Every structure is written in structure tokens, then in C-alpha cells.
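Here our numbering is used: the first residue of the sequence shown is 1228, the next is one more, and so on. The block underneath contains the structure these notes are about, expressed in C-alpha cells.
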Amino acid sequence: MEKLSIEFMGLILYEPITYLSDIILAIFSLFWYSKLRKEVYEDSMSQSFSRYFLFMGIAPLISGQAHLFDYYIDHNFFHVIGWSNIAIGTYYFQRGSAMDYSMEVKDKLNWMFILLLIASISTYFIYQFVGDIDPNKKTVGVPGFAAVSIFTAISYIGFIVPLNYIKLQRDKNAGSGLILLGIVLTVGTLVVHSKKFSLGPHVNYNVIAHVILVFCYYLYFLGMRKKIRGYEGTD
């Protein structure tokens, strides 16, 4: 699909609606960060979950600039910085989900989370140095996004889903149930991206995915808040 471009005050701006949807996603994420931050903030679970939204709010602010000013940017480093923030946010999502378990389990899992975080960010940057060839800037899409999808899927399917599913089955934890429901809806964004489903040049698949993510993040927020309010710590 060809990118929509407009000229504003002599500047050529790409995908303005995508940029707007990035900003909206960032505003919601930072709002939920501020709400969770007030939930017994000295508690480690609330710290982890609130920081998830902090980094997920920073990510679209950076990636949005990359979309808007793509005409003037030779590489995708802005996107890589945005993706790296997503990886850090996902790390905190994993940490928060692991808080329901014993200290021994949490310590072992945290090392795995850190290794996955390092591997994902390293891959994003290495790809841009080695394989960042994007001569056609008129087509929607960013080289390297497949790596983001792969590492995100590993983080969610490998850790976040099992941790919350076990908690749901063991303790009938409503917070974990809401998080799992949000993750199921998140699959919709992958389908939209893979099929490049768009409603036209103004509303491309990036915009539709961002709208879906707002609802997914809201379910995450509700689930995280429930878990924080019922969390007493696990030795």
C-alpha cells in the first residue's frame, strides 16, 4: 500500500493519521501509567506493571515521529528506539506477572527475561546496521518489524500467558483473566498486520492495529490493577 503524504509549511509529512493514532496510543498508555503508579507504588508488582505502560507510552511517541518524518530519515533508527522501548515494557509486564510466584521462581525467571530483552534489542539494532535497505519510502511498512513480532510473541506465549493462566486456574484470579482476554484481542493486531487490512489510504493497517491496542491495553490495565490490589507478596 502506498503511503499517504501531505505538505505542511514546506515539509513533506508521511502517514499523518498513523502519527495521530500513535499519539493517541501514547496518551492512553501514559494515563494508565499514572493511574497504576498511584496503586501502592512502593510495591514491586505495581512498579513493574506501571512501568510497562510508561515504556509502551514512550514507544509510539518515538515511532510516530519516524512515520511522520520518514521522508527525511535515511534509516529506521527511530523505529528501533521505539521497538526497544516496547521490549523494555514487555520485560516489566513479564516481571509483574511473575510476582505471583515464589522468590526462587521469580529470580530464575528474571534472568530469562533479561536475556530475552538483551537478545531482542540487539537484534533490532544489528538488523538496521546490516540489513536496513529501504529505497522505496512510498510503501507502508518498516523493515525489521517481523523481528519485533517474533520476540513479542516469545515473551507473551512463552511467559506472560502461562504465568497468568496458571494463576487464573489455581486461584481464579480475575486480574489474570482480564490480562489473558487482552492478549487474545492483541492477536487481532497481528492478523491486521499480516493481512495488511486497511480501510483506505488514510486508515491503513497501522492505524487499525493502534485502535485495537487501545482496547487491549485497557484490559491489561484493569487486570493489572486487580492483581495489584489483591497482591500480598510471595516469599
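Just so you know, even glycine gets a beta-carbon here, dropped at the ideal spot from N, CA and C. None of these values were measured; they are calculated from a predicted model.
Check: Please return the same chain residues whose Cβ sits closer than 8 Å to the Cβ of D1462, not counting the five positions on each side in sequence.; Outcome: For D1462, the predicted structure reports a pLDDT of 42, less than 50, and the residue's modelled location is therefore unreliable. The matter cannot be settled from this model.
Check: Give every residue of the same chain whose Cβ lies closer than 7 Å to the Cβ of I1393, excluding the five residues on either side of it in the sequence, and list them in chain order.; Outcome: none
Check: Could you give the C-beta distance for L1253 and P1287, rounded to a whole number, given that I count them as a contact under 8 Å?; Outcome: At residue 1253 the sequence reads Ala, which differs from the Leu that was named. So it is a contact: roughly 4 Å between Cβ atoms.
Check: Which of helix, strand or coil does DSSP assign to Y1383?; Outcome: helix
Check: Counting Cβ pairs closer than 8 Å, one from the stretch 1334 to 1349 and one from the stretch 1396 to 1407, do we hit at least three?; Outcome: no
Check: Please determine, among Y1354, N1391, Y1445, the residue with the shortest C-alpha to C-alpha distance to A1373.; Outcome: Y1354
Check: Based on Cα-Cα distance, which residue from L1295, A1401, E1266, I1341 lies nearest to L1446?; Outcome: A1401
Check: Would you call the stretch 1237 to 1248 and the stretch 1278 to 1285 in contact, with 3 or more CB pairs under 8 Å?; Outcome: no
Check: Quick one: grab the DSSP three-state call for I1308.; Outcome: helix
Check: For L1342, which three-state DSSP category applies?; Outcome: helix
Check: Report yes or no: do three or more beta-carbon pairs, one from the stretch 1319 to 1328 and one from the stretch 1289 to 1307, lie closer than 8 Å?; Outcome: no
Check: Near Y1383, what residues of its chain come up, given a Cβ to Cβ distance below 7 Å and the 5 sequence neighbours on each side ignored?; Outcome: I1410
Check: In whole angstroms, give me the CA-to-CA distance for L1467 and S1311.; Outcome: This structure cannot settle anything about residue 1467, because the visible part of the chain is limited to 1228 through 1462.
Check: Using three-state DSSP, classify V1367 as helix, strand or coil.; Outcome: Only weak support is given to the placement of V1367: the predicted model assigns it a pLDDT of 47, under 50, and the question is left unresolved by the model.
Check: Which whole-angstrom value describes the C-beta separation of L1263 and R1452, a residue pair presumed to lie in contact below a C-beta threshold of 8 Å?; Outcome: 6 Å
Check: What's the C-alpha gap between G1309 and T1350?; Outcome: 14 Å
Check: Unbroken alpha helix (DSSP H) runs of length 4 or more, entirely within the stretch 1381 to 1436: which are they?; Outcome: 1388 to 1398, 1401 to 1422
Check: Out of Y1458, G1316, V1418, M1326, point me to the one whose CA is closest to S1256's CA.; Outcome: G1316
Check: Rounded to a whole number of angstroms, what is the C-alpha to C-alpha distance between T1245 and L1417?; Outcome: 17 Å
Check: Quick one: what's got a C-beta closer than 6 Å to I1439's C-beta in the same chain, skipping five residues either side?; Outcome: G1415, T1416
Check: Using only the alpha-carbon positions, how far apart do L1405 and S1261 sit?; Outcome: 20 Å
Check: Would you kindly report the start and end of the unbroken alpha helix (DSSP H) that includes Y1279?; Outcome: 1271 to 1295
Check: Tell me whether D1462 sits in a helix, a strand or coil according to DSSP, three-state version.; Outcome: Here D1462 scores only 42 on pLDDT, less than 50, and its place in the model should not be relied on; the value that follows carries that caveat. D1462 falls in the coil class under three-state DSSP.
Check: Straight-line CA distance for N1391 to Y1299?; Outcome: 43 Å
Check: Does DSSP classify M1451 as helix, strand or coil?; Outcome: helix
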